[in-house]
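Enquirer: Please find one structure pasted underneath; my questions will follow.
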Amino acid sequence: MANCFGDVVDNFKLDTMISHVDGLKWWWGTGVSTLCLLYNKTGDTLRYVADNDWFGHMGPTPYPTEIGNGQWASFLHVKRTAVASGSMAGVVYRGKDSNGNERDFLVCWSSPWGALQRNRSYCEIGNVGSFQSRWGAIFNNVSNAALEWNASRNLSSGRCSIHTSIGPRSSPYFTAYFSIPFSP
1 MANCFGDVVD
11 NFKLDTMISH
21 VDGLKWWWGT
31 GVSTLCLLYN
41 KTGDTLRYVA
51 DNDWFGHMGP
61 TPYPTEIGNG
71 QWASFLHVKR
81 TAVASGSMAG
91 VVYRGKDSNG
101 NERDFLVCWS
111 SPWGALQRNR
121 SYCEIGNVGS
131 FQSRWGAIFN
141 NVSNAALEWN
151 ASRNLSSGRC
161 SIHTSIGPRS
171 SPYFTAYFSI
181 PFSP
């Protein structure tokens with residue numbers, strides 16, 4: 001399977017993704033950005049659904065449209081040129097829980113421009129279509145999140161989880177792990 005950059009992402013796994021996103025950052029140059037790494041360990045393919053930019057925009061490449069099971073995906077989100085703003089956005093991927101029910105997985109990051117503000121990561125799991133009409137409320141959740149965030153559903157209808165984290169400074173790595181817990 002190849003990601004949207006044409007690279008086979010099962011060769012060298014994480015090392016390849018870090019090198020790839022570092023290359024995007026080098027090409028982009030200075031300024032606030034977020035180097036995003038997503039890992040799918042759900043047992044199925046995750047498919048891109050929607051995104052929202054509060055501050056900034058995608059770097060030189062689009063969001064990956066699919067992330068296969070056991071695969072890493074990477075992309076760069078950057079601040080707007082000549083504007084004192086940071087990188088703050090969210091992206092929704094659709095996958096399945098442990099019972100095969102479709103779920104939407106939301107991951108968000110905030111890398112503010114101002115040195116007095118903290119980086120934040122956030123995630124949620126919802127039913128299909130549950131995020132696109134809630135971007136305002138999600139903005140508030142991201143603004144009050146932390147460096148690490150977890151979301152899980154542990155229902156009889158199916159289990160799944162997301163873990164997100166973001167590093168310090170003005171161009172941090174944001175990492176998200178999508179998973180299906182197979183133990184009770």
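The sequence shown maps to residues 1 to 184 in UniProt numbering. Idealized CB from N, CA, C, for every residue including glycine. Just so it is clear, the structure is predicted and the values come from calculations on it, not from any experiment.
1. Just curious, the alpha helix (DSSP H) that A137 is in, first and last residue?
2. Return the Cβ separation of K41 and G70 in integer angstroms, given the expectation that the two are a contact with Cβ distance under 8 Å.
3. Rounded to the nearest angstrom, what separates A2 and D22 at their Cα positions?
4. Per DSSP, what kind of secondary structure is A2 in: helix, strand or coil?
5. Under a three-way DSSP split, which group does S165 fall into?
6. What is the rounded straight-line gap between the Cα of W113 and the Cα of E102?
7. Distance, Cα to Cα, P62 vs D104?
8. CB N119 to CB G158, shorter than 8 Å?
9. For D51, count neighbouring C-beta atoms within 10 Å of its own C-beta (all shown protein chains included) and say buried if the count is 16 or more, exposed if not.
10. Identify every residue that forms a DSSP beta bridge with Q71.
11. Is DSSP giving S171 helix, strand or coil here?
12. With a threshold of 8 Å, are at least 3 pairs of Cβ atoms found where one atom belongs to the stretch 122–133 and the other to the stretch 75–84?
13. Would you check if the distance between the CB atom of L106 and the CB atom of G90 is smaller than 8 Å?
14. What is the DSSP secondary structure of G23, reduced to helix, strand or coil?
15. Got a sec? Which residues, its chain only, sit under 8 Å from C123 by beta carbon, not counting five neighbours each side?
16. Within the continuous beta strand (DSSP E) that includes D97, where are the two ends?
17. Buried or exposed for D15, going by 16 or more other Cβ atoms inside 10 Å?
18. Give me the residue from D97, G31 and S19 with the minimum Cα distance to residue 189.
19. Take V142 as the anchor and find which of S110, L116 and Q117 has the nearest alpha-carbon.
Expert: In brief:
1. Counting along the chain, A137 sits inside the alpha helix (DSSP H) bounded by residues W135 to S143.
2. About 7 Å; that satisfies the 8 Å criterion.
3. Annotation note: pLDDT 46 at A2 (below 50); position unreliable, coordinate value reported separately. Distance between the alpha carbons of A2 and D22 is about 19 Å.
4. Low confidence applies here, because A2 scores a pLDDT of 46, under 50, leaving its location unreliable; read the following figure in that light. Assigned with DSSP and collapsed to three states, A2 falls in strand.
5. The answer is strand: DSSP assigns S165 an E or B state.
6. When rounded, the distance between both Cα atoms is 36 Å.
7. Cα atoms of P62 and D104: separation of roughly 19 Å, rounded to the nearest angstrom.
8. Taking 8 Å as the Cβ cut-off, N119 and G158 do not qualify as a contacting pair.
9. Flag for D51 reads buried.
10. In the DSSP secondary-structure assignment, Q71 is bridged to N40.
11. Of the three classes helix, strand and coil, the one that applies to S171 here is coil, per DSSP.
12. Cβ pair count under 8 Å is below three, so no.
13. It is a contact, given that the beta carbons lie within the stated cut-off.
14. The answer is helix: DSSP assigns G23 an H, G or I state.
15. If we look at C123 and ignore the five residues flanking it on each side, its Cβ neighbours are F105, L106, V107, C108, W149, N150, A151, I162, H163, T164 and A176.
16. Here D97 belongs to no beta strand (DSSP E), and DSSP marks it neither H nor E.
17. Exposed: under 16 other Cβ atoms inside 10 Å.
18. A query on residue 189 cannot be resolved here, the shown segment of the chain reaching from 1 to 184 and no further.
19. When S110, L116 and Q117 are compared, the shortest CA-CA separation from V142 is found for S110.
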